[in-house]
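Q: Mapped onto mature numbering (1 follows the signal peptide of the UniProt record, and there is no 0), the consecutive letters of the sequence shown carry residue numbers -23 to -1, 1 to 169.
For every residue, glycine included, the Cβ atom is placed at its ideal position computed from N, Cα and C.
Every value quoted in this text rests on a predicted model; they were computed, and no experiment measured them.
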Amino acid sequence: MPVTSFRSLLIAALVMLPLAACSTPQSVEVPTALPVAQWDHRPEATKWTKSTLNALKAEGAVLLSAVPDDVEDFCPGYRTASTEERSAFWTGLFSSIARYESTWNPEAKGGGGRYLGLMQISPTTARYVGCDETASGLYDGASNLACAVKIAARQADRAGVAEVVSDWGPMHDPAKRAQISKWTRTQAYCQV
């Protein structure tokens, strides 16, 4: 390239540089606040909430599009809720179930060691839905929650979401189910 052409190109670039700095900035998606969850007092809360939200966007999309028959018991505003509010509800619901499944202990073992982690998932079920069924995978809170979303989505896809996460033990205990419902229905993301 001749020196004069290079010099002309360099001068043109230098002239354009201030104009480029004056251009309108592209819009940046500002993340919204994380939804309220019952595990918020735990040091892992942010990681667990983000993992659940990410899983809902991916494998759990069916949960966000469906309207469970009994959803009014848990979230009165669910039918008219935005996708973000529905994601918040499911995150809050999983956090409530985890309270009774494991008292938010990611290393909990139940049923004589047959069920592992926050949501007490059996390695067999984890393997069936394509999760990491190893103890290290199920004892990781974020992975356990992502797997729980996958399990719930698989059930919803198969059963048409007849009930809100009906396969988890606490949902079969009337007192625990009532406590879970009492908490979720009072959250801002569940208001009409």
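How would you call Ser79, buried or exposed, if buried means at least 16 neighbouring beta carbons within 10 angstroms?
A: Its Cβ being crowded by 16 or more others within 10 Å, Ser79 is buried.
Q: Is Thr161 buried or exposed, if buried means 16 or more other CB atoms sit within 10 Å of its CB?
A: buried
Q: Which of the three DSSP states, helix, strand or coil, is assigned to Leu(-5)?
A: The predicted model places Leu(-5) with a pLDDT of 37, which falls under 50 and marks its position as unreliable, so this point remains unresolved.
Q: Classify residue 197 as helix, strand or coil using the three-state DSSP reduction.
A: Within the shown structure, residues of the chain are numbered from -23 to 169, placing residue 197 beyond reach of any answer.
Q: Between the beta-carbon of Leu30 and the beta-carbon of Thr60, is there less than 8 Å?
A: no
Q: Helix, strand or coil: which one does DSSP assign to Gly114?
A: In the structure shown, Gly114 sits in a helix (DSSP, three-state: H, G or I).
Q: Would Thr57 be called buried (16 or more neighbouring beta carbons within 10 Å of its own) or exposed?
A: exposed
Q: For Leu41, I'd like the list of residues in its chain whose CB is within less than 7 Å of its CB, leaving aside the five on either flank, ordered along the chain.
A: Cβ neighbours of Leu41 beyond the five flanking positions: Leu33, Thr60, Arg63, Ser64.
Q: Run the CB neighbour count on Ser120, radius 10 Å, all protein chains shown included, and call it buried at 16 or more, exposed below.
A: Around the beta-carbon of Ser120, 16 or more other beta-carbon atoms lie within 10 Å, marking it buried.
Q: Could you check if Gly94 is buried or exposed, using at least 16 other CB atoms within 10 Å of its CB as the buried criterion?
A: buried
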